[in-house]
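2 protein chains.
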Amino acid sequence: MRIAIDAMGGDCGPQVMVDGAVRAANDFGYEIALVGDNDVICLELEKYRWSKELITVHHASQVVGMEEQPAQAVRRKRGSSINVAVNLVKEGRCEALVTAGNTGAAVASATLILGLLPGVKRPGIAIVFPTLYGISLLIDVGANIDPRPEHLLQYAIMGNIYVKYILRKQNPSISLLNIGKEESKGTELLRETYKLLTDSGLNFIGNVEGRDVFSGRSDCIICGGFIGNVVLKVLESIAETTTAFFRRELEKSILTRLGAWFCRPAFLALQKGTDYSECGGAPLLGVDGICIIAHGGSTAKAIRNAIKVAGGFVNYKVNQRIAGEIGKWERRGLLKLSA
Amino acid sequence: MRIAIDAMGGDCGPQVMVDGAVRAANDFGYEIALVGDNDVICLELEKYRWSKELITVHHASQVVGMEEQPAQAVRRKRGSSINVAVNLVKEGRCEALVTAGNTGAAVASATLILGLLPGVKRPGIAIVFPTLYGISLLIDVGANIDPRPEHLLQYAIMGNIYVKYILRKQNPSISLLNIGKEESKGTELLRETYKLLTDSGLNFIGNVEGRDVFSGRSDCIICGGFIGNVVLKVLESIAETTTAFFRRELEKSILTRLGAWFCRPAFLALQKGTDYSECGGAPLLGVDGICIIAHGGSTAKAIRNAIKVAGGFVNYKVNQRIAGEIGKWERRGLLKLSA
Chain A
26 MRIAIDAMGG DCGPQVMVDG AVRAANDFGY EIALVGDNDV ICLELEKYRW
76 SKELITVHHA SQVVGMEEQP AQAVRRKRGS SINVAVNLVK EGRCEALVTA
126 GNTGAAVASA TLILGLLPGV KRPGIAIVFP TLYGISLLID VGANIDPRPE
176 HLLQYAIMGN IYVKYILRKQ NPSISLLNIG KEESKGTELL RETYKLLTDS
226 GLNFIGNVEG RDVFSGRSDC IICGGFIGNV VLKVLESIAE TTTAFFRREL
276 EKSILTRLGA WFCRPAFLAL QKGTDYSECG GAPLLGVDGI CIIAHGGSTA
326 KAIRNAIKVA GGFVNYKVNQ RIAGEIGKWE RRGLLKLSA
Chain B
26 MRIAIDAMGG DCGPQVMVDG AVRAANDFGY EIALVGDNDV ICLELEKYRW
76 SKELITVHHA SQVVGMEEQP AQAVRRKRGS SINVAVNLVK EGRCEALVTA
126 GNTGAAVASA TLILGLLPGV KRPGIAIVFP TLYGISLLID VGANIDPRPE
176 HLLQYAIMGN IYVKYILRKQ NPSISLLNIG KEESKGTELL RETYKLLTDS
226 GLNFIGNVEG RDVFSGRSDC IICGGFIGNV VLKVLESIAE TTTAFFRREL
276 EKSILTRLGA WFCRPAFLAL QKGTDYSECG GAPLLGVDGI CIIAHGGSTA
326 KAIRNAIKVA GGFVNYKVNQ RIAGEIGKWE RRGLLKLSA
């Protein structure tokens, strides 16, 4: 197992990426190809104990910045770390890649270079997030902001496999994010998708509303990339906002400060329970190769966990299973894939 | 000032609506017309001390249920409490109405019977919600799930007036809910709207992302009704979810239970800070009459506050100001209102 790491991506760049990669190599015994500026990466590597058998460096002369226009940057900067990492997968020299860089660039690079799995019409980013009762999957959170019903059905098929093999839940419950429970609710897109999902043979439990996202009612929530991205960012901000609010309130008196000290375990549990680094990265499902996208603000632990997810994808043959399922659907003629 | 109350709406029906109405009459001296089943309302009224000069009952023989298909129900049940209440406003016998019933029915009834303010193309539901720093406005949260750029511009014009006169903030900052800060982000709808808002003369601060919703960065956030509805419901579920999570964690040991007791003021502050009943109801902006929609799960206090908001609309002539602003825009020819 050999995994390529875009070592230049993320808000903190090589510092965090190299740290996370070393942890993953040590913890899981995976081979790691660190992709980026040779000198910078070697300087970072000096801080750690690592095995030359497990970690190698692949030079890349360019970087796609976090704020760059993705599609353009990927085409112009052919030697960028994300492109070089994706190419290592394309050429079969690595089995997966992990990046915390510009998400749009990762989607563009992986889609252009790796292409899509046979039958898949659009890739989708799937994110696991903590709920009151365990973790759930939300797909898509930004790869496809103008989806068609068939795309959402394919997300459900891919999400189902992800939950089954990576999150290890049998018969995952699939739901559609909407503004009401009834089949008639929402946009034309969602009403069409509802029908497709009902006939899909998946464990489709119907529409869920915004208030159900956090409840853990559904193992896998399907939505378009625009709404998914907004909801994801709202969810991400909750822990931060709640903590900031509590801190302000708890510092108001000596008694509440004392109380806060006693309550520490509960606060730590909330922090841990809503910590995205616990969940690892978000796979770009549907591309013909394994591409795990980590949060730009990832810690070294989050990168380590994203690499673990990449390893899980390889071990459980997730992409082969997706291609198999999508192929079955195509043969059954149930997917009217017109574009 | 006389305000019509749909006394049959809401999850708890007349029990809560009558309680809230009596509180508003006593606290603000408003005249109240309670609309619904005469016998049921009179029975409820017996529980309170109230003035016959302030509170009257208007019989309505039908009720639109919370789960009924809105447009159909409003047309079939002509004598429903929501229709009777809206008609009291139409006929000038009341100056505003408050309902906690079926939101879709309220939108349909108000739009059909009252019509729209001159120049307004679509009504929008505006909701105030608590953030880290004061309260913000989100519009639209469900009246219009397939908006056009001009509709969103009109929401900004109406939201601006609401924040200025009801929330009493000078020069409100207006933003557009999107998946990135850059003008080029998001759907065609949002890119078009971005241009209209930039040229609008409003204090448009650009796009905000999901993570900014709760931060209080913007006084008024503009979005389509689908995304607004999902975000609203996610926000509503946060207090509940966080509280449930903390309760579970804090009950794990005697020390954390003791700590929780000391921290009580902070927990109560969180509850109050995220309590929608503090904010009152959501106005349906753009209709030719004042219609305040309260949450189905409203408490009596929330109903009282929704009635207070209705009073504010009357006192500050919000609808006249909206009609004036929209009129100015039309005359300037800046609104290409084609449909």
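Residue numbers (the working numbering), protein chains in the order written: chain A, 26 to 364; chain B, 26 to 364. Backbone N, C-alpha and C define an ideal beta-carbon position, used for all residues, glycine too. Note that the structure is a prediction, hence the values are computed from the model and not measured.
At a CB-CB cut-off below 8 Å, which residues of chain A make contact with residue i?
| i | result |
| --- | --- |
| F271 (chain B) | A291, L295 |
| G167 (chain B) | I204 |
| S262 (chain B) | G235, R236, D237, V238, F239, S240 |
To the nearest angstrom, report how far apart residue i and residue j are at their CA atoms.
| i | j | result |
| --- | --- | --- |
| A364 (chain B) | D44 (chain B) | Residue confidence for A364 (chain B) is low, a pLDDT of 42 falling below 50, so the modelled location carries little weight; the figure read from the coordinates is stated next. Taking the straight line from one Cα to the other gives about 43 Å. |
| A151 (chain B) | L162 (chain B) | 6 Å |
| V89 (chain B) | I347 (chain A) | 46 Å |
| V41 (chain A) | R356 (chain A) | 45 Å |
| N196 (chain B) | I182 (chain B) | 12 Å |
| K72 (chain A) | F271 (chain B) | 39 Å |
| L362 (chain B) | N254 (chain B) | Low local confidence applies: a pLDDT of 48 at L362 (chain B) is under 50, so the model's placement there is unreliable, and no value is given. |
| T268 (chain A) | T128 (chain A) | 27 Å |
| Y190 (chain A) | Y341 (chain A) | 6 Å |
| F251 (chain B) | D165 (chain B) | 8 Å |
| A327 (chain B) | A327 (chain A) | 42 Å |
| V82 (chain B) | E93 (chain B) | 25 Å |
| S243 (chain B) | E350 (chain A) | 45 Å |
| I66 (chain B) | A110 (chain B) | 14 Å |
| S225 (chain A) | R193 (chain A) | 21 Å |
| V188 (chain A) | K333 (chain B) | 48 Å |
| A325 (chain A) | P308 (chain A) | 18 Å |
| N108 (chain A) | F239 (chain B) | 36 Å |
| G149 (chain A) | H176 (chain B) | 30 Å |
| D36 (chain A) | V123 (chain B) | 48 Å |
| E213 (chain B) | G249 (chain B) | 13 Å |
| T156 (chain A) | K297 (chain A) | 12 Å |
| Y158 (chain A) | L293 (chain A) | 17 Å |
| T281 (chain B) | L295 (chain B) | 18 Å |
| R27 (chain B) | Y55 (chain B) | 6 Å |
| V114 (chain A) | D64 (chain A) | 23 Å |
So which of the options has the shortest CA-CA distance to residue i?
| i | options | result |
| --- | --- | --- |
| A50 (chain A) | A:E350, A:F229, A:L215, A:A29 | A:A29 |
| A291 (chain B) | A:A32, A:A294, A:E274, A:K77 | A:E274 |
| V259 (chain A) | B:A331, B:R236, B:T281, B:I263 | B:R236 |
| V256 (chain B) | A:G231, A:I230, A:L202, A:T218 | A:L202 |
| R101 (chain A) | A:K77, A:S76, A:A121, A:A133 | A:A133 |
| S449 (chain A) | B:V233, B:L142, B:F287, B:G184 | For residue 449 (chain A) there is no data in the structure shown, the boundaries of chain A being 26 and 364. |
| L141 (chain A) | A:F154, A:T156, A:A125, A:Q179 | A:Q179 |
| G321 (chain B) | B:G54, B:M33, B:A125 | B:A125 |
| S106 (chain A) | A:N185, A:G38, A:L280 | A:G38 |
| I173 (chain B) | B:L295, B:K220, B:T266 | Here residue 173 (chain B) turns out to be Arg, not Ile, going by the sequence shown. The candidate whose alpha carbon is nearest that of R173 (chain B) is B:K220. |
| R103 (chain B) | B:R74, B:Q87, B:W75 | B:Q87 |
| A32 (chain A) | A:M26, A:L68, A:D52 | A:L68 |
For residue i, list the residues DSSP reports as bridge partners.
| i | result |
| --- | --- |
| G61 (chain B) | B:H84 |
| F251 (chain B) | Looking at the DSSP assignment, F251 (chain B) forms no beta bridge with any residue, so it has no partner. |
| F154 (chain B) | B:S161 |
| S200 (chain A) | A:I246 |
| S105 (chain A) | A:Q87 |
| F13 (chain A) | An answer regarding residue 13 (chain A) cannot be provided, because it is not within the stretch 26 to 364 covered by chain A. |
| P308 (chain B) | B:I317 |
| V123 (chain A) | A:I30, A:I317 |
| L295 (chain A) | None, per the DSSP bridge assignment. |
| L141 (chain A) | A:V312 |
What does residue i touch in chain B if you count any residue whose Cβ is under 7 Å from its own?
| i | result |
| --- | --- |
| C288 (chain A) | L275, T281, G284, A285, C288 |
| T212 (chain A) | I170, D171, F251 |
| N232 (chain A) | Here the premise fails: no neighbours, minimum Cβ distance about 11 Å. |
So residue i and residue j are supposed to be a Cβ contact under 8 Å. How far apart are they, rounded?
| i | j | result |
| --- | --- | --- |
| A98 (chain A) | V60 (chain A) | Actually they are not in contact, since the Cβ atoms of A98 (chain A) and V60 (chain A) sit about 16 Å apart, beyond 8 Å. |
| G337 (chain B) | V145 (chain B) | Between V145 (chain B) and G337 (chain B) the Cβ distance is about 20 Å, and since that is not below 8 Å, they are no contact. |
| G314 (chain A) | L137 (chain A) | About 12 Å; that fails the 8 Å criterion. |
| S200 (chain A) | I247 (chain A) | 7 Å |
| C304 (chain A) | I170 (chain A) | Not really, about 23 Å apart at Cβ, beyond 8 Å. |
| A285 (chain A) | G284 (chain B) | 7 Å |
| A46 (chain B) | I317 (chain B) | A46 (chain B) to I317 (chain B), Cβ: 13 Å. No contact. |
Identify the contact partners of residue i in chain B, using a Cβ-Cβ distance below 8 Å as the criterion.
| i | result |
| --- | --- |
| L257 (chain A) | G235 |
| N127 (chain A) | Simply none; closest approach about 11 Å. |
For residue i, go through chain A and note every residue whose CB falls closer than 9 Å to its CB, in chain order.
| i | result |
| --- | --- |
| L68 (chain B) | By Cβ distance, chain A contributes nothing, its closest Cβ being about 32 Å from L68 (chain B), past 9 Å. |
| G298 (chain B) | F270, E274 |
List the residues of chain A whose Cβ lies closer than 7 Å to the Cβ of residue i, in chain order.
| i | result |
| --- | --- |
| L157 (chain B) | T266, A269, F270 |
Could you list which residues in chain B have their beta carbon closer than 9 Å to that of residue i, in chain order?
| i | result |
| --- | --- |
| N112 (chain A) | Within chain B, no residue comes near N112 (chain A); the closest Cβ sits about 27 Å away, beyond 9 Å. |
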